[in-house]
Every structure is written in structure tokens, then in C-alpha cells.
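*Asks:* The following block contains the structure, expressed as C-alpha cells.
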Amino acid sequence: MFPAHPNPSFDMAVLLERQRSAFLKDGPPSLEERKARLKRLRAAVLTHRREVGDAINADFGHRSRHETDIMEIVGVIQSIDYLTRNLRCFMKPERRHVGLLYRAGRAHVEYQPKGIIGVMAPWNYPFSLTMIPLATALASGNRAMLKPSELTPRTSEVIRRMLEGGFPADEVAVVLGGPDVGAAFSRLPFDHLLFTGSAPVGRKVMKAASDNLVPLTLELGGKSPTIVARGHVLGQTADSIVFGKLSNSGQTCVAPDYALVHEDDLDTFITQFGASVARFYPSGPTSRDYTSIVNDRHYDRLKNLIEDARTRGARVIEVGVTPERAAERARTLAPTLIVGAGDDAAIMREEIFGPILPVRSYRTIDEVIDYVNARPRPLALYYFGARDADCEKLLARTTSGNVGINNTMIHVAQDDLPFGGIGPSGMGAYHGIEGFRAMSHAKGVFVQGRWNLPSLLRAPFGKITDLALK
Ligand code: NAD
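All residue numbers for the sequence shown refer to the UniProt record's numbering, where the first residue is 1 and numbers rise by one.
This is the structure:
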């Protein structure tokens with residue numbers, strides 16, 4: 001429909017203008033229209049479910065369709081259903097309090113669609129991290145332009161085809177390309193931009209958005225700490241940490257990045273972790289549900305993190321390795337525990353994003369709190385233990401995007417909870433009513449009443465000041 005142009009920002013600007021004209025011409029969509037768009041999206045997702053699974057499998061080298069179904073498709077469908085169910089309530093204008101002096105009038109807030117939402121997505125959950133923001137944008141009455149990741153090109157192509165088949169380009173449009181296209185995309189004058197990705201790119205995107213004063217949501221990453229209370233290394237604890245660390249081979253923004261385990265429990269933790277890995281992945285890294293590392297660059301990066309920790313004196317424990325068969329599949333990295341890495345090790349400074357779990361020991365909860373607070377505020381913090389004074393203290397004294405108690409990652413699947421980071425792990429949130437509101441403009445409206453009391457506020461003054469200051 002749009003002729004190819006050597007300058008991608010030209011086409012994107014044309015697309016944006018087209019969406020904006022259609023948005024202004026049609027006005028905000030009704031509840032029924034929004035529901036119809038969500039229904040169309042839901043049907044398209046289910047129709048393309050297999051294709052998405054195959055494309056992700058090919059993009060990663062290996063990722064089982066089951067993992068894609070559970071970690072991406074189910075989440076997208078749940079999110080669409082949640083939005084559809086709650087839309088009427090979310091869209092309702094809210095009555096607000098009116099001060100004594102203005103009592104004759106009425107005040108309310110209307111949640112109005114912002115207009116055109118830009119969505120930039122990463123490669124690690126390339127489908128759900130494009131679709132859930134899109135569902136949120138449609139539910140809040142907006143149109144959207146999406147820029148999926150170039151590192152999962154087959155999935156991005158399926159997304160493009162799927163949405164072009166289900167939506168006119170002036171409603172939903174997909175732009176494909178790498179960092180150059182991403183940079184041009186982030187310079188467009190959207191009405192809101194939702195970026196999911198790394199902090200360094202997030203910084204660039206925020207700078208570009210600031211030129212047009214585009215409001216944005218930044219969904220970034222970081223090092224999410226996982227704290228295990230003394231005596232709480234149970235089978236269930238290990239299962240939950242293994243689930244968080246090894247789903248998608250740890251290529252997850254909310255994966256437990258490192259574990260802080262009481263010094264008395266370190267050996268038990270290592271044993272329990274190994275037992276859980278064996279239960280989840282009986283053939284080690286060649287198990288059906290064990291995902292490959294997305295590309296050589298990330299594979300080498302992870303290998304280097306392990307080597308760096310080893311040369312600095314940390315103990316490296318490969319768990320559940322089957323060396324002779326592991327070579328059959330490209331870029332699989334065995335689940336690896338790193339015990340005793342110091343603060344100087346790169347693995348304790350960089351977001352890991354792979355199946356490697358550094359484990360450090362601690363003695364008191366205060367030590368844990370100081371450790372966490374000396375580092376950038378994380379996207380998630382996990383605590384395994386009783387809901388006792390230590391737990392309450394940890395929660396009160398640390399700040400993270402979200403918290404999981406006695407589980408990892410499950411908070412993200414709670415559609416009614418806001419999901420987002422704080423500071424270096426992100427800005428703003430989506431999911432829940434927070435997502436709807438992030439993409440809506442909360443317009444305050446005051447309606448003058450019949451009594452015309454505010455005329456008393458006009459000059460000549462004096463009549464009402466005593467009353468107002470009483
Ligand atoms: P990335 O920042 O490299 O890429 C994200 C998007 O930005 C891609 O679409 C990419 O094409 C684009 N991009 C790349 N360079 C750009 C540039 N210079 N200007 C503009 N756009 C550019 O991130 P990634 O490697 O795809 O994803 C991994 C990161 O994302 C990790 O840090 C992870 O923690 C984070 N993440 C966060 C969440 C969350 O919900 N908070 C979810 C998944 C991943």
C-alpha cells in the first residue's frame with residue numbers, strides 16, 4: 001500500500017499521519033468497537049498460534065511450542081480477555097469531589113484515548129511483548145504502530161502478516177527493521193510510546209521522545225534479586241527458582257538474576273537446585289522444553305560471564321549436563337550455578353539474561369537489604385520464606401518494580417496487577433487498570449451548576465473571602 005522509500009522514517013511518518021487523520025475523523029471508538037477490535041485480535045492470535053510457535057522456534061534455534069504457548073500465547077489471550085471483561089468499568093467517567101465554594105457544579109474525569117501509540121518490542125518474548133501492549137492500546141481506544149525486534153525476524157514477519165490480515169493500516173501498522181528503524185521510529189511524534197528493551201537503548205529512546213515531548217512507558221530490565229530465608233530451601237523453593245531461571249533459558253526480564261541464600265543453607269540449595277533441574281529437564285540441555293540462546297553474540301557473552309567469574313575464583317557448577325548430546329543442538333548452555341562470585345565479577349554487575357545463577361551467602365536480613373539497596377532498583381524482587389518480620393522489613397526497606405513471595409515470575413501473569421520497573425528498571429507500568437490509564441488521557445471536566453456560586457469569586461472581591469478561609 002505504501003511504496004518502498006529509501007528513507008524509512010518517511011514511510012513511518014506517512015503512516016502515523018494516516019492513523020492520526022483516521023483517529024480524528026472517526027472520533028474515539030465506543031465500548032462495542034473496542035471490544036470488536038479485541039475480538040479480532042484474539043481470533044488472529046489463535047489462528048496464527050502454530051505459525052508463531054514455529055517462527056519463534058526457528059528464530060531461537062530451539063524453543064518448544066509448549067513453552068511458547070504457556071509463556072506467550074496464554075498470556076496474550078488472558079490479557080485480551082481481562083481487558084474485554086473490564087473495559088466497561090475502565091471507561092466509565094469517574095465522579096470527583098467538588099470543593100465547598102464550587103458545590104453547585106459537578107466534576108468528573110473522562111478517560112480519553114490518547115491517539116496513536118508507538119510500541120517497540122524486544123526479542124526475548126517477541127510475540128507477547130508486542131501483543132499485550134497492542135491489546136492495551138486498542139482497549140484504551142487508540143490506534144497503534146508496532147516495531148518488533150530484528151533479532152527474531154521470522155516472528156516479526158508473522159506478526160506483520162497476522163496484523164495486516166486483521167486490521168487496516170490506519171488502525172494497526174507494523175514497521176520492520178533494526179536499530180536504525182528503531183531510532184527513526186522513536187523520533188516520531190506519537191501520543192504515547194511504550195518501549196520494552198534494554199536500559200541503554202531505553203535511554204536513547206527517551207531522549208528521542210523528549211524532542212516531541214512524547215509521554216512514554218519504559219519497560220526495562222536489570223538484576224532481580226532472589227532471597228531465600230534461613231531454613232527455607234525447600235523443594236518448592238528450588239522448583240520456583242528453576243522455573244524462573246530456566247524458562248526461555250533465563251532470557252526473561254523478570255528472571256531471578258542472582259540468589260542470596262543463608263550461609264547455613266548453601267549446600268542444601270545447590271543440591272535442591274540440581275534436583276529440580278533434573279525433574280524439569282530430564283535430558284539436561286537437550287530436553288524438549290529447554291530453549292536455545294537466541295544468537296551467537298548472546299551465547300558468547302554468557303560463556304564469557306562464566307569464564308570471567310571462574311578466573312576470579314568463583315566455583316562454577318554445571319547442572320544436568322549431558323555433554324555428548326548437548327552438542328547436537330545449537331547454542332544450548334547448561335544450567336549453571338556460580339558460587340561465591342565477588343562484586344568485581346561481571347556476572348554480579350551485568351544483567352545475565354541466560355541460564356546462569358550466581359549464588360551468594362548472607363548472614364542477616366539487614367545485610368541483604370544493604371546489598372540490594374546498594375544496587376540499581378530492580379524490576380522484580382523475590383523472597384522465599386514465612387511472612388514474618390524479616391519479610392516485612394525487606395519489603396518495606398527495598399524498592400523494586402514488583403515483588404514475588406514464594407514464587408518467581410507469576411506476578412506478571414496477574415492481569416490485574418501493574419507491571420513495570422522503577423528508575424533504571426523502568427518507568428510507568430502497564431497491565432491492569434494502570435495500562436489502560438497509561439494509554440488514556442485523564443481529562444478533568446468541571447460542569448457549572450445552576451446556582452452560579454463561582455460568580456462570587458470574581459471582582460469586586462471581599463464577599464466570600466471570610467467564608468473561603470474559615
Ligand atoms: P534492545 O534494547 O536491544 O531492543 C529493543 C528494541 O529497540 C528492538 O525493537 C530494537 O530493534 C530497538 N533498538 C535497538 N537499538 C535501537 C536504537 N539505537 N534506537 C532505537 N531503537 C533501537 O533490547 P533487547 O536486547 O531486544 O531485549 C533485552 C532487554 O529487554 C533486556 O534488558 C530485558 O531485561 C529487557 N526486557 C524488559 C522487559 C520488561 O517488560 N520490563 C521485557 C523483556 C525484556
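Even glycine gets a Cβ: it sits at the ideal position worked out from N, Cα and C.
#1: Below 7 Å CB to CB, which residues in the same chain sit around residue 451 once its five sequence neighbours on both sides are set aside?
#2: What do you get for residue 368, buried or exposed, if any count of 16 or more other CB atoms within 10 angstroms of its CB means buried?
#3: Under 7 Å: does the beta carbon of residue 35 sit that close to some heavy atom of ligand 1?
#4: Confirm, please, whether the CB-CB distance from residue 339 to residue 356 is below 8 Å.
#5: Just mark residue 245 as buried or exposed, buried being the case when its beta carbon has 16 or more other beta carbons within 10 Å.
#6: When you compare each of 291, 202, 192 to residue 213 by their alpha carbons, which one comes out closest?
#7: Whether or not the segment 119–135 and the segment 179–196 are in contact is what I'm after, with contact meaning three or more pairs of Cβ atoms, one per stretch, closer than 8 Å; do they touch?
#8: For ligand 1, is there any heavy atom lying closer than 7 Å to the beta carbon of residue 351?
#9: What's the C-alpha gap between residue 472 and residue 430?
#10: Please state if the CB of residue 276 and the CB of residue 238 are separated by a distance shorter than 8 Å.
#11: Flag residue 295 as yes when its Cβ comes closer than 7 Å to any non-hydrogen atom of ligand 1, and as no otherwise.
#12: So the candidates are 242, 281, 47, 55; which of them puts its Cα closest to the Cα of residue 407?
#13: Which class does residue 21 belong to by DSSP, given the choice of helix, strand or coil?
#14: Between residue 228 and residue 254, how many whole angstroms is the CB-CB distance? I'm expecting something under 8 Å.
#15: Can you tell me whether residue 3 is buried or exposed, with buried defined as 16 or more other CB within 10 angstroms of its CB?
#16: For a minimum of 4 consecutive residues, which ranges assigned as the alpha helix (DSSP H) are wholly contained in the segment 157–240?
#17: Rounded to whole angstroms, what is the Cα-Cα separation between residue 50 and residue 64?
#18: Measuring alpha carbon to alpha carbon, tell me which residue in 336, 149, 291 is nearest residue 306.
#19: Do you know whose CA, among 77, 222, 460, 160, lies nearest residue 559's CA?
#20: Between 125, 113, 149, 157, which lies nearest to residue 137 when the distance is taken from Cα to Cα?
#21: What residues are listed by DSSP as bridge partners for residue 131?
#22: In angstroms with no decimal places, state the Cα-to-Cα distance between residue 281 and residue 21.
#23: Using a 10 Å radius around the Cβ and a threshold of 16 neighbouring Cβ atoms, would you call residue 175 buried or exposed?
*Replies:* Reading it off the structure:
#1: Counted from its first residue, the sequence shown places residue 451 at position 451. Contacts found: 104.
#2: The residue labelled residue 368 in the question sits at position 368 within the sequence shown. Counting Cβ neighbours within 10 Å, residue 368 comes out buried, since at least 16 surround it.
#3: The sequence position of residue 35 within the sequence shown is 35, counting from 1. The answer is no for residue 35.
#4: Residue mapping note: residue 356 aligns to position 356 of the sequence shown, counting from 1. Residue mapping note: residue 339 aligns to position 339 of the sequence shown, counting from 1. If you check the CB distance, residue 356 and residue 339 do not come in under 8 Å.
#5: Here residue 245 corresponds to residue number 245 of the sequence shown, with the count starting at 1. In this structure residue 245 is buried. Its beta-carbon is surrounded by 16 or more other beta-carbon atoms within 10 angstroms.
#6: What you label residue 213 is simply residue 213 of the sequence shown in a count that begins at 1. Closest option to residue 213, Cα to Cα, is 192.
#7: Segments in contact, yes.
#8: In the sequence shown, counting from the first residue as 1, residue 351 sits at position 351. Of the heavy atoms belonging to ligand 1, at least one sits nearer than 7 Å to the Cβ of residue 351.
#9: Lying outside 1 to 470, the shown extent of the chain, residue 472 is not represented and no answer is given.
#10: Within the sequence shown, residue 238 is the residue found at index 238, counting from 1. Within the sequence shown, residue 276 is the residue found at index 276, counting from 1. Yes, these two residues count as a Cβ contact at 8 Å.
#11: Position 295 of the sequence shown, counting from 1, holds the residue named residue 295. Result no, Cβ not under 7 Å from ligand 1.
#12: The sequence position of residue 407 within the sequence shown is 407, counting from 1. Cα-wise, what sits closest to residue 407 is 242.
#13: Within the sequence shown, numbered from 1, the residue matching residue 21 stands at position 21. It is helical.
#14: For the purposes of this step, residue 228 is identified with residue 228 of the sequence shown, where counting begins at 1. For the purposes of this step, residue 254 is identified with residue 254 of the sequence shown, where counting begins at 1. The C-beta distance from residue 228 to residue 254 rounds to 17 Å, too long to meet the 8 Å contact threshold.
#15: Mapped onto the sequence shown, residue 3 falls at position 3. Low confidence applies to residue 3: its pLDDT is 40, below 50, so where it sits in the model is not reliable, and the reading given next is rough at best. Residue 3 should be labelled exposed.
#16: DSSP assignment within the segment 157–240 yields the following whole alpha helix (DSSP H) runs of 4 residues or more, N-terminal first: 179–186, 199–211.
#17: For the purposes of this step, residue 50 is taken as residue 50 along the sequence shown, with counting starting at 1. For the purposes of this step, residue 64 is taken as residue 64 along the sequence shown, with counting starting at 1. Approximately 11 Å, taken between the alpha carbons.
#18: Within the sequence shown, numbered from 1, the residue matching residue 306 stands at position 306. Nearest of 336, 149, 291 to residue 306, Cα basis: 336.
#19: Past the boundaries of the shown model lies residue 559; the chain is included only from 1 to 470, so the question cannot be answered.
#20: Within the sequence shown, numbered from 1, the residue matching residue 137 stands at position 137. The option with the nearest alpha carbon to residue 137 is 113.
#21: As a working note, residue 131 is residue 131 in the sequence shown. In the DSSP output, where bridge partners are listed per residue, residue 131 has none listed.
#22: Counting from 1 along the sequence shown, the entry for residue 281 is found at position 281. Counting from 1 along the sequence shown, the entry for residue 21 is found at position 21. Distance between the alpha carbons of residue 281 and residue 21 is about 52 Å.
#23: What you label residue 175 is simply residue 175 of the sequence shown in a count that begins at 1. Using a 10 angstroms sphere on the CB of residue 175, the tally of other CB atoms reaches 16 or more, which defines it as buried.
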